[in-house]
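J.:
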Amino acid sequence: MNEQNDKQADKRISSFLSAVDHGAIPPDKQSLNKLKEQSMAEFLASSADRILQSEKTRTISLWRIIMKSKITKPAVAAAIIMAVIIVMHWFGSSIDIAKPAYGITDLPELIKNAKTMHMKGWFYNSQAEQESEEPVKSEFDYWFDFENGRYRLHKPGGIDRETGKPRYFTTVSDGRFIMSDAYRRSRDGQTQKLISFTKLSPFKARLEAYKASYGFLMQMFGNVGQIEGSTKIGQEEINGVMYDIWQSEFFLVNGFGNRIRTWLASESGDIGRVLFWQSKTRQKDDANLRLVFDLYTIELGIVPPKRIFDTNPPDGCILSNTKETAQTDTLGIDTQKACRGDYELHAHIGFTLKDGSVILGWSCPDKERTELAGKIETLTSIPQKPIIKYAGHHLAYTQKDGIFYEWSLYVPDKKPPARNSLLGYNLNIKHQIDESAFGNRPGSLVEDLVIDTNQDFNTWVRGAMAELSDDGKTPLHINYENVLQLAGKIHNSLNK
Amino acid sequence: MYLDKNTERQIAKGLQQGDRHAWLRLYEAYAEPVWKNIARLMGGDSAAVPDVVQETFLAAARSAGNFDPDRGPLWAWLWTIAARQVALYYRKQKSNPLLAQAKNWWNALDGEKLDWIDAKTDAPPDILQSRQLATLVRCALSEIPAEYQTLLLAKYVDSRPADSIAEQMGCSPVAVRSKLARARKAFRKAFRKIIRSAPGAQEVSL
C-alpha cells in the first residue's frame, strides 16, 4: 500500500516538476558547435597559461623563417605567382556571358556550384528586442574558397557582459591550419585575445569550408521545396542592377515560422540582398516575426582579397599553441589518442542521398575481439512521427592506421521528406557486450551532408572513404549509380 | 550519455595535461544535457539560454585543469558551475515581471494548492500545463542547491531510475533516495517561500 502511495506521490511530483519543460528550447546544434570551438580555445589557452607561468615560450613564425632565407624566399614568390595564375585561369573560365534568365529555384544550384563565396551582413540580437529596446545589430563577414578548403568567418558571438557590446570571433582556415580566437580575462581584469591552431588534412579543410557555408545557407535555400512556393513581390534597382524580389514563408521542422526575401537579378543570377525573419515562438499562428539577419552582400565566384586567408597571428594576442605544436583534427580516430583498451563506437561522417537513404562511416575499434563489440544496425528519423526506419546494409570497409572503418547504407522503409524537414537520425546500436562497457557511443546524426549529384558523391562520399584508407583509394564498386541502384533494390525487398 | 568512472578518470588526467581530446569528450558528453537543464531553469523563450550555456562552458574550460575526480564526478562539477551562472542571471534581473504575474496567478487560484505542492492530490491538467506554474517551478528550482536540481530533474523530469542517477552522481542508489527526500523538501520550501512573498498571499505553514 505504501509503495503504491509512493508511486502516486512520485507521479504527482513528476507532473508538477515537468512544468519546467513547458516551452523549453531544445539544444541548438549551431550554437553548441560554435561554443565547442570557443570553449576548446579557452581550455587550451588556460592550459597553456598554467605552463607558461614557469616558462616563457617564444613564438616561431614559419613565414618569417621562410622569408629570411635566400633560397626559400624566391621559391615562395614563384609559388604565389603560379597560384595567382591558376586562380585567374579558374575564375576567368567560369564566366559565362550568355546566361539564361534566373528564377528563385535556380538559387540552390547557383550557390552549390560556386567555387568561392563572400557573404556580409548584419545579425540582429533577439534579446534586446524582447526587452522592447532597439535590436542590437552586429556585422558578420564570411569568405570561402571551397576547392582549397580556405575560409574566414568573422562573426559576433554573444554580448560582452561588461561593455554590453557584441563580441567578435574570427576563424581562418588556410587549407592546412585553422586559426581560431577566443577571449580570456586575465588576473588583472584585462580582456585578452587568444589564438589557437588546429591542423587539417586537405579533405578535412574542404569539408569544414563546405559545412561552414552550407550550414548557414541550408536554412534558407537548402530545400528547393520550401522556395518553390516563393512569389515575386516586386523589383528594385540597386547600384544600377535590376533585381526581382522574391518572398517565401515556411515552417521549419523545429517549429519556427520563417520568411525569406531575396533580391535576385534575373539576367545575371546575382543575389543583391537576402532578408531573413523568424517567428518569436513555435506557434504556427504566430505572425510576430523578428528580423534575424540582413545579408546585404552575397558574391559568388569572386576572387578573394590577398591574404584574407592568412593564418599569421595578429600582433598583441596570446598564443595558446603554434602551428608546429597544433593537434591534427582528423575525420577518423586519432590513433595517438584512441583508448584501445576500451570499447568504443564512433560515427565519423554521414550522407543523405537524394532518394533519402543514408550512408554512414563508423568504427568500433577493438583489437582484442574478432567480432564487433557493437554496430550501428538501424537508423530512425528525428522527429519520429511518422516513424521512418532505416535498415542497415554493409556497403564497404576501409582501413587506416590499423583501424577498420565500416561504411553502411541505411535504406528507409517509406519515402522520407526532404532532408531539412528532418532534424536528423537516431543511431540504433546493437551491442554484443554490455553497453555500459562502451567509453563512447554516438547517439544521433545531425550534421550529415546532402548528396544530390554524382559530383557531390565523388567529392564527399568517395573523398571521405579515401581519407579513411591507408592507400587513399576508394573501393571501385562504390559509385553514385551503383549505390542508388542497391538502395532501390533493398527498398523494394523491404516493401515485399 | 553519462560517463563511467574509468572514463572520467581518463578525462580528468587529460584535462590536467591540457589535452584537447579530453575537453572534446567532456563537451560532447555533457553540452546537450547542460543546455537542456539550463533551458529548463531559465524558460524556453529566454534568448539568454545560449549566453548562460556559453558562460558555463567558458568558465569550465578555464578551471578544467584543476578538476579532481576524487572530489566528485564531472557532471556534479560542471552542473555546479552552470547552476551558479543561472543564479547569476536571475540576480542580474532587477525585476521579473513574469514571476510577479505568476505569483498573482497562483494566489488567485482555487483548490487545494498546498496539497499539490506536497503531492497529496493531483493538480488539474490546465494548471500543470500553464506557463505561470512553469515560471514558479523554475524559480523554486533555481533557489535550491545544484545537487538537488540535478536529482529532481533526473528523477522526475527525465524519469531516470535511481541506479542510473547514482552512477552519474558518484554515490549509491540508497544515498540517491535519501538525497531525493531532502531535495523534495528543499524544493517545497523554496516554492512556498516564493508564493508567500507574493503581495496578498495567504500565510502557509511549512
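So the protein lines, in turn, are chains A and H.
Residue numbering for the first sequence follows numbering that gives the first Met the number 0, beginning at 0 and increasing consecutively.
Residue numbering for the second sequence follows numbering that gives the first Met the number 0, beginning at 0 and increasing consecutively.
Cβ coordinates follow ideal geometry from the N, Cα and C atoms, glycine included.
1. With 8 Å set as the bound, which would you pick, yes or no: does the beta-carbon of Q100/H sit closer than that to a beta-carbon of chain A?
2. Hey, how far is the Cα of S137/A from the Cα of D109/H?
3. Pull up the CB-CB distance for E146/H and A101/H, whole angstroms please, since I reckon it's below 8 Å.
4. Go ahead and pull the three-state DSSP assignment for S559/A.
5. With 16 other CB atoms within 10 Å as the buried threshold, where does G577/A fall?
6. Would you say F66/H reaches chain A, if we count a Cβ-Cβ gap shorter than 8 Å as a contact?
7. Which parts of the stretch 415-468 of chain A are runs of the alpha helix (DSSP H), unbroken and 4 residues or longer, counting only runs that do not cross its ends?
8. Please list the residues of the stretch 9-31 of chain A that have a C-beta atom closer than 8 Å to any C-beta atom in chain H, keeping them in chain order.
9. Taking the runs of the alpha helix (DSSP H) that are 4 residues or longer, which of them lie wholly in the stretch 123-195 of chain H?
10. Please identify the residue among K210/A, G239/A, H21/A and A211/A whose C-alpha is closest to the C-alpha of Q131/H.
11. So, at 6 Å on beta carbons, what are the nonlocal neighbours of R8/H in its own chain, with the 5 sequence-adjacent residues on each side left out?
12. Just to confirm my understanding: we take I80/H, look at its own chain, exclude 5 residues before and 5 after, and list those with CB closer than 6 Å. What are they?
13. Whole beta strand (DSSP E) runs in the stretch 303-334 of chain A with 3 or more residues, listed along the chain?
14. Can you find a CB in chain A that lies within less than 8 Å of the CB of E31/H?
15. Any beta-carbon of chain A closer than 8 Å to the one on Q84/H?
16. Any beta carbon of chain A sitting closer than 8 Å to that of W22/H?
17. Cα separation between W22/H and K203/A?
18. Hey, F196/A and T329/A: beta-carbon distance below 8 Å or not?
19. So the candidates are S179/A, L263/A and D470/A; which of them puts its Cα closest to the Cα of Y101/A?
20. Counting along the chain, where does the alpha helix (DSSP H) carrying A181/A start and finish?
21. Go ahead and pull the three-state DSSP assignment for I80/H.
22. Is F66/H closer than 8 Å to A118/H when the C-beta atoms are compared?
23. Taking only beta-carbon positions, decide if P49/H is within less than 8 Å of chain B.
24. Between the stretch 173-187 of chain H and the stretch 27-42 of chain A, do at least 3 Cβ pairs fall closer than 8 Å?
25. CA-CA distance, L344/A and G360/A?
26. What number of angstroms, rounded off, separates the C-alpha of I164/H from the C-alpha of K429/A?
27. Please confirm whether K4/H has its beta-carbon closer than 8 Å to some beta-carbon of chain A.
28. Do F122/A and F292/A have their C-beta atoms within less than 8 Å of each other?
29. Taking buried to mean at least 16 other C-beta atoms within 10 Å of its own C-beta, is C138/H buried or exposed?
30. Which parts of the stretch 345-384 of chain A are runs of the beta strand (DSSP E), unbroken and 3 residues or longer, counting only runs that do not cross its ends?
31. According to DSSP, simplified to helix, strand and coil, what is T197/A?
32. Between the stretch 369-379 of chain A and the stretch 387-400 of chain A, do three or more beta carbon pairs fall short of 8 Å?
33. Taking CB distances under 8 Å as the criterion, tell me whether L34/A reaches chain H.
34. Which value, in whole angstroms, describes the spacing of the CA atoms of V460/A and L199/A?
35. What are the boundary residues of the alpha helix (DSSP H) that V410/A is part of?
36. Assuming E41/A and R184/A make a contact with CB atoms under 8 Å, what is their CB distance in whole Å?
T.: Based on what the coordinates show:
1. Reading the second sequence from its first residue, position 101 is the one you call residue 100/H. No, because no Cβ of chain A sits closer than 8 Å to the Cβ of Q100/H.
2. Here residue 137/A refers to the residue found at position 138 of the first sequence. Here residue 109/H refers to the residue found at position 110 of the second sequence. Taking the straight line from one Cα to the other gives about 48 Å.
3. In the second sequence, residue 146/H corresponds to position 147, counting from 1. In the second sequence, residue 101/H corresponds to position 102, counting from 1. With 8 Å as the limit, E146/H and A101/H do not qualify as a contact, their Cβ atoms being about 26 Å apart.
4. For chain A, the structure presents residues 0 to 495; residue 559/A sits outside this window and is missing.
5. Residue 577/A lies beyond the residue range present for chain A, which begins at 0 and ends at 495; the question has no answer from this structure.
6. Taking the second sequence and counting its residues from 1, one reaches residue 66/H at position 67. No - not a single Cβ of chain A is within 8 Å of the one on F66/H.
7. 462-466
8. Listed by position, the residues of the stretch 9-31 of chain A near chain H (Cβ gap below 8 Å) are D9, R11, I12, S13, S14, F15, L16, S17, A18, V19, D20, H21, G22, A23, I24, P25, P26, D27, S30 and L31.
9. 124-127, 130-142, 145-151, 161-168 and 172-195
10. Residue numbering aside, residue 131/H sits at position 132 when the second sequence is read from its first letter. Among K210/A, G239/A, H21/A and A211/A, the Cα nearest to that of Q131/H belongs to H21/A.
11. Your numbering for residue 8/H matches position 9 in the second sequence. The residues are P68.
12. Taking the second sequence and counting its residues from 1, the one referred to as residue 80/H is at position 81. Cβ neighbours of I80/H beyond the five flanking positions: T55, A58 and A59.
13. 326-328
14. For this step, residue 31/H is matched to residue 32 along the second sequence. It does: the Cβ of E31/H has a partner Cβ on chain A nearer than 8 Å.
15. Start at 1 with the first residue of the second sequence, and residue 84/H comes out as number 85. It does not; no Cβ of chain A falls within 8 Å.
16. Counting from one through the second sequence, the residue named residue 22/H turns up at place 23. Residue-level contact check: W22/H touches chain A, since one or more beta carbons of chain A fall below 8 Å from its beta carbon.
17. One-based indexing of the second sequence puts residue 22/H at position 23. One-based indexing of the first sequence puts residue 203/A at position 204. Near 20 Å, if we compare the C-alpha coordinates of K203/A and W22/H.
18. Start at 1 with the first residue of the first sequence, and residue 196/A comes out as number 197. Start at 1 with the first residue of the first sequence, and residue 329/A comes out as number 330. No.
19. Counting from one through the first sequence, the residue named residue 101/A turns up at place 102. Ranking S179/A, L263/A and D470/A by Cα distance to Y101/A puts L263/A first.
20. Walking along the first sequence from the start, residue 181/A turns up at place 182. No alpha helix (DSSP H) contains A181/A, which is instead part of the beta strand (DSSP E) from F176 to R184.
21. Locating residue 80/H in the second sequence gives position 81, counting from the first residue. In this structure, I80/H counts as helix in the three-state DSSP scheme.
22. Here residue 118/H is taken as the residue at index 119 of the second sequence, counted from 1. Here residue 66/H is taken as the residue at index 67 of the second sequence, counted from 1. Contact: no.
23. Absent from the structure is chain B; the protein chains it does hold are A and H.
24. no
25. On the first sequence, residue 344/A is found 345 positions in, with the first residue counted as 1. On the first sequence, residue 360/A is found 361 positions in, with the first residue counted as 1. Rounded to the nearest angstrom, the two C-alpha atoms are 11 Å apart.
26. Along the second sequence, one-based indexing puts residue 164/H at 165. Along the first sequence, one-based indexing puts residue 429/A at 430. Within the model, the alpha-carbon separation for I164/H versus K429/A is close to 23 Å.
27. As a working note, residue 4/H is residue 5 in the second sequence. Output row for K4/H: interface = no.
28. Mapped onto the first sequence, residue 122/A falls at position 123. Mapped onto the first sequence, residue 292/A falls at position 293. The beta carbons of F122/A and F292/A sit closer together than 8 Å.
29. Your numbering for residue 138/H matches position 139 in the second sequence. Burial call: buried.
30. 345-352, 357-362 and 373-381, all fully within the stretch 345-384 of chain A.
31. Position 198 of the first sequence, counted from the start, is the residue given in the question as residue 197/A. Strand, per DSSP.
32. yes
33. Counting from one through the first sequence, the residue named residue 34/A turns up at place 35. Cβ-Cβ to chain H under 8 Å: yes for L34/A.
34. Locating residue 460/A in the first sequence gives position 461, counting from the first residue. Locating residue 199/A in the first sequence gives position 200, counting from the first residue. If I take the Cα positions, the gap works out to 18 Å.
35. One-based indexing of the first sequence puts residue 410/A at position 411. Unbroken run through V410/A is the beta strand (DSSP E), I402 to P411; no alpha helix (DSSP H).
36. Translated into positions along the first sequence, residue 41/A becomes position 42. Translated into positions along the first sequence, residue 184/A becomes position 185. With a contact defined as Cβ atoms closer than 8 Å, E41/A and R184/A miss out at about 10 Å.
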